[in-house]
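Heads up, the thing below is written out as structure tokens.
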Amino acid sequence: MSRSQKEKLIKSVFFIFSLISVIILGLIVFSLFREGLPIFKKTSVYDFIFGMEWYPTADPPLFGIFPLIVGSVVVTFFATLIAVPLGVLSAVYISEIAPRAIKEILKSSIELLAGLPSVVLGFFGMVVVAPWMQETFDLPTGLNIVNAAVILAIMAVPTISSIAEDALYAVPREFKEASYALGATKLETIIQVVLPAALSGILTAIILGMSRAIGETMVVLMVAGGAAALPESIFDSVRPMPASIAAEMGEAPYRSLHYQALFATGIVLFLMTMIFNLIAEHVSHKFRQTASGSL
Amino acid sequence: MIDRKEMNAIDKKQNKSLPWRYRRQKIFFGAVKLSALIIVLALGGLVFYVVSNGLGAISWEFITRPPTDAMTKGGIMPAILGTLYLTIGAVAVGLPLGIISAVFLTEYARQGKVIRLIKVGINCLAGVPSVVFGLFGLGFFVVFLEFGSSILAGSLTLGFLIMPTIIGAAEEALKAVPQTFREASLALGVSKWQTIFRIVLPNALPGILTGSILGIGRAAGETAPIMFTAAAFFTAKLPGSIFDEVMALPYHIYVLATAGTHIEETRPLQFGTVLVLIALVLGIDLIAIIIRGYVRKQKRW
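So the protein lines, in turn, are chains H and E. Numbering that gives the first Met the number 0 puts the last residue of the first sequence at 294; the count rises by one with no breaks. Numbering that gives the first Met the number 0 puts the last residue of the second sequence at 300; the count rises by one with no breaks.
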């Protein structure tokens with residue numbers, strides 16, 4: 000075999016292996032649909048998604064996941080509300096303001112925070128935050144939307160902060176220098192020059208942070224309370240989709256309707272996060288093309 | 000020309016006098032510092048709380064003995080061992096595949112539709128929720144390939160879960176190897192493959208490994224992907240083959256904290272288990288962060 004043939008062969012082998020991510024993504028879709036689609040022979044897609052009653056073990060069982068979807072959306076919304084200011088401001092601090100030593104400590108802390116296992120945060124929310132919240136606000140239960148949102152926010156902050164920081168760091172130096180030369184203060188430069196220039200990167204960070212929060216399982220399983228009903232206040236319990244899947248899969252008999260309904264819930268969750276990811280992908284791709292060439 | 004007086008008047012009208020501008024800056028910087036402080040305090044507070052509550056439960060017996068009396072006493076050795084098996088399995092799956100993907104993307108790939116597809120695929124895979132990975136492992140490895148709930152199924156699931164992280168770390172490390180290294184090697188008549196294997200990879204390896212360790216920590220701490228694919232509530236015996244179920248630290252915490260009738264009594268055991276898991280995961284991460292800082296300083300180019 001000649002040398003160039005060998006090179007070509009090696010290149011093709013590498014190419015085939017690098018397709019593995021796409022293949023796995025395909026297999027995920029395949030497995031979810033294979034196990035989950037049969038439920039739609041019993042319930043229509045509309046009744047499944049907009050049905051108000053989730054009684055999978057009743058007779059006859061009812062598979063309406065709308066309360067679960069609302070649970071996911073509500074918890075994610077409040078988590079985002081907390082995580083975005085923390086994440087973006089800390090990113091600004093790290094990339095624009097902090098002295099070198101503090102910057103290193105802060106970056107390491109955020110990386111360690113990202114490394115905390117979700118079950119540990121869920122445990123913390125359950126054992127520490129919930130009793131405290133119940134007592135302080137005199138609630139029937141401390142396992143509720145606010146608690147879950149706070150803990151989820153802790154999980155989403157590292158994602159938002161590190162991606163936003165990359166975006167801020169990529170803003171060309173000349174932009175800032177030009178702004179200072181015009182007499183702007185550091186704050187004015189950050190708000191009117193740096194943040195707008197990094198906006199699409201920051202948006203990407205926020206979307207990926209939300210995607211992380213909506214798909215996070217252990218925290219909502221342990222902390223959100225588990226009530227499969229539409230919440231009326233922010234101190235109500237909810238049962239987000241991942242919590243429902245994780246809690247019930249162990250009890251659902253193999254290939255029963257319940258089992259299929261949980262896989263179908265997985266399909267809905269998967270599609271929601273994919274939409275988030277594709278939006279993030281689109282925004283960040285646009286951003287990459289214009290970042291330094293926009294002058 | 001506007002004279003100085005007029006300009007000051009305009010500034011005042013728009014409320015933009017210099018002292019005011021600096022005061023505003025001070026307030027903003029305060030908010031920014033506060034947000035950084037909250038993050039550090041959240042991490043520090045959490046770790047401190049777990050350590051101060053969990054330290055009492057830690058003993059040699061706790062780490063080396065199996066649970067007894069319906070998991071209300073005894074140790075967590077099988078769970079530690081199970082987590083080690085699963086993590087090693089996940090690394091064995093994710094690391095080689097991740098490195099090969101990254102080598103292709105940085106060394107061979109040219110911009111094009113297929114490459115874009117692969118990159119979008121990797122990003123999407125990174126965003127798949129962990130519980131969906133669990134469903135995938137259940138539907139594909141446990142049911143379709145008939146591995147059953149086992150170390151093998153759990154390791155494969157976790158391995159694919161951490162692959163995007165490893166690809167990202169490896170890509171960054173490979174890109175950091177100077178282009179001149181490759182050019183020098185190619186100029187000597189060395190083939191492209193040998194250049195990659197003998198020059199690029201060895202230089203990138205420390206970066207690849209430290210970056211990957213952060214993914215490895217994630218594999219050790221994940222719960223949802225192993226719930227349906229590998230983890231057992233309790234096993235009487237240690238696993239004998241890769242087709243056996245195992246206990247695992249994260250799942251053990253979940254079980255102790257939420258199931259059974261002795262939740263309050265076993266609190267110390269729960270805190271102890273959380274402490275062991277945190278020590279394991281954050282220990283791994285911290286080592287990676289320190290080594291990375293050291294390698295960056297020592298760079299020969």
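Cβ coordinates follow ideal geometry from the N, Cα and C atoms, glycine included.
Listed by chain order, chain E residues near residue i by CB distance under 7 Å
| i | result |
| --- | --- |
| H:A245 | V130, A223 and M226 |
| H:T184 | R20, Y21 and Q24 |
| H:V69 | Going along chain E, no residue has its Cβ under 7 Å from H:V69, so there is no contact; the nearest lies around 17 Å. |
| H:N276 | N122, C123 and G126 |
| H:K10 | Y107 |
| H:L268 | P128 and V131 |
| H:R2 | S190 |
Contacts around residue i, its chain only, beta-carbon distance under 7 Å, and the 5 residues preceding and following it disregarded
| i | result |
| --- | --- |
| H:P55 | F62, E247, H257 and A260 |
| E:A287 | T209, I212 and L213 |
| H:G224 | T140, L142, N143, S236 and V237 |
| H:G292 | The predicted position of H:G292 is uncertain, since its pLDDT is 48 and thus under 50; a value taken from the coordinates is nonetheless stated next. The answer is none, since no qualifying residue turns up. |
| H:N276 | S210 |
| H:T289 | With a pLDDT of 49 at H:T289, under the threshold of 50, the modelled position of this residue cannot be trusted; read the value that follows with caution. For H:T289, where only same-chain residues beyond five positions count, there are no Cβ hits under 7 Å. |
| H:D165 | G200 |
| E:L137 | F227 and T228 |
Distance between residue j and residue i (C-alpha atoms, nearest Å)
| i | j | result |
| --- | --- | --- |
| H:A245 | H:T216 | 7 Å |
| E:P205 | E:L285 | 15 Å |
| E:I277 | H:L115 | 7 Å |
| H:V219 | E:V199 | 44 Å |
| H:R80 | H:V127 | Per the sequence shown, residue 80 of chain H should be read as Leu rather than Arg. Straight-line Cα distance between these residues: approximately 22 Å. |
| H:E95 | E:I87 | 39 Å |
| E:I62 | H:F76 | 40 Å |
| E:A41 | H:Y168 | 25 Å |
| H:H281 | E:I262 | 47 Å |
| H:I64 | H:T264 | 7 Å |
| H:I22 | E:V131 | 16 Å |
| E:I75 | H:I201 | 43 Å |
| H:S117 | E:E182 | 45 Å |
| H:P195 | E:W19 | 23 Å |
| E:K296 | H:F14 | 34 Å |
| H:A90 | H:N146 | 24 Å |
| E:A218 | H:Q191 | 41 Å |
| E:K72 | H:F123 | 22 Å |
| E:F139 | E:I150 | 14 Å |
| H:I9 | H:I38 | 45 Å |
| H:F49 | H:A155 | 28 Å |
| E:P77 | H:A152 | 33 Å |
| E:E264 | E:P238 | 28 Å |
| E:S100 | H:A226 | 43 Å |
6 Å Cβ shell around residue i - same chain, five flanking residues per side excluded
| i | result |
| --- | --- |
| E:I290 | T209 |
| H:I206 | F275, I278 and A279 |
| E:A125 | P163 |
| H:M240 | L67, S71, T264 and L268 |
Chain-ordered neighbours of residue i on chain E, where CB pairs are closer than 9 Å
| i | result |
| --- | --- |
| H:T272 | C123, G126, V127, P128 and V131 |
| H:F76 | Here the premise fails: no neighbours, minimum Cβ distance about 17 Å. |
Contacts of residue i in chain H (Cβ-Cβ under 7 Å)
| i | result |
| --- | --- |
| E:A35 | S89, Y92 and L105 |
| E:I252 | V118 and F122 |
| E:K32 | Y92 |
| E:T257 | M221 |
| E:V280 | G114 and P116 |
Residue i: contacting residues in chain E (beta-carbon distance under 8 Å)
| i | result |
| --- | --- |
| H:G214 | G126, V127, P128, S129, V130 and V131 |
| H:R238 | Simply none; closest approach about 13 Å. |
| H:G318 | The requested residue 318 of chain H is not part of the displayed model; chain H covers only 0 to 294. |
| H:F39 | Simply none; closest approach about 16 Å. |
Sequence-distant residues of the same chain with beta carbon closer than 8 Å to residue i, five excluded per side
| i | result |
| --- | --- |
| H:I19 | none |
| E:G319 | This structure cannot settle anything about residue 319 of chain E, because the visible part of chain E is limited to 0 through 300. |
| E:S190 | none |
Per-residue contacts from residue i into chain H (C-beta, under 9 Å)
| i | result |
| --- | --- |
| E:G271 | Within chain H, no residue comes near E:G271; the closest Cβ sits about 12 Å away, beyond 9 Å. |
| E:P205 | Going along chain H, no residue has its Cβ under 9 Å from E:P205, so there is no contact; the nearest lies around 17 Å. |
| E:R217 | A113, G114 and P116 |
Contact list for residue i against chain H, beta-carbon separation under 8 Å
| i | result |
| --- | --- |
| E:G326 | Outside the displayed span of chain E (0 to 300) sits residue 326 of chain E, for which this structure offers no information. |
Stretch-stretch touch, CB-based, cutoff 8 Å, three pairs: the region 243–260 of chain E with the region 79–91 of chain E: yes
Taking a Cβ distance cut-off of 7 Å, strictly less, list which residues of the region 189–202 of chain E are near chain H, in chain order. S190, K191 and W192
Please identify, using Cβ separations under 8 Å, the residues of the region 160–187 of chain E that lie next to chain H, in order along the chain. M162, P163 and I166
Short-range partners of chain E found in the region 47–67 of chain H, where Cβ spacing is below 7 Å: none
Selection of the region 185–210 of chain H by Cβ proximity to chain E, strictly under 9 Å: K185, L186, E187, I189, I190, L207 and S210
Using Cβ-Cβ distances below 8 Å, what residues of the region 147–158 of chain H are close to chain E? I153 and V156
May I ask you to list, following chain order, the residues of the region 114–126 of chain H that have a beta carbon less than 9 Å from some beta carbon of chain E? G114, L115, P116, S117, V118, V119, L120, G121, F122, F123, M125 and V126
Positions along the region 88–120 of chain E whose CB lies within less than 7 Å of some CB in chain H: L96, I99, S100, V102, F103, L104, Y107, L116, I117, V119 and G120
According to a CB-to-CB cut-off of less than 7 Å, which residues of the region 36–48 of chain E neighbour chain H? I37, I38, V39, A41, L42, L45 and Y48
For the region 24–36 of chain H, list every residue whose C-beta sits within 7 Å of some C-beta in chain E, in sequence order. L24, L26, I27, S30, L31, R33 and E34
Members of the region 57–83 of chain E that neighbour chain H once the beta carbon cut-off is set at 9 Å: none
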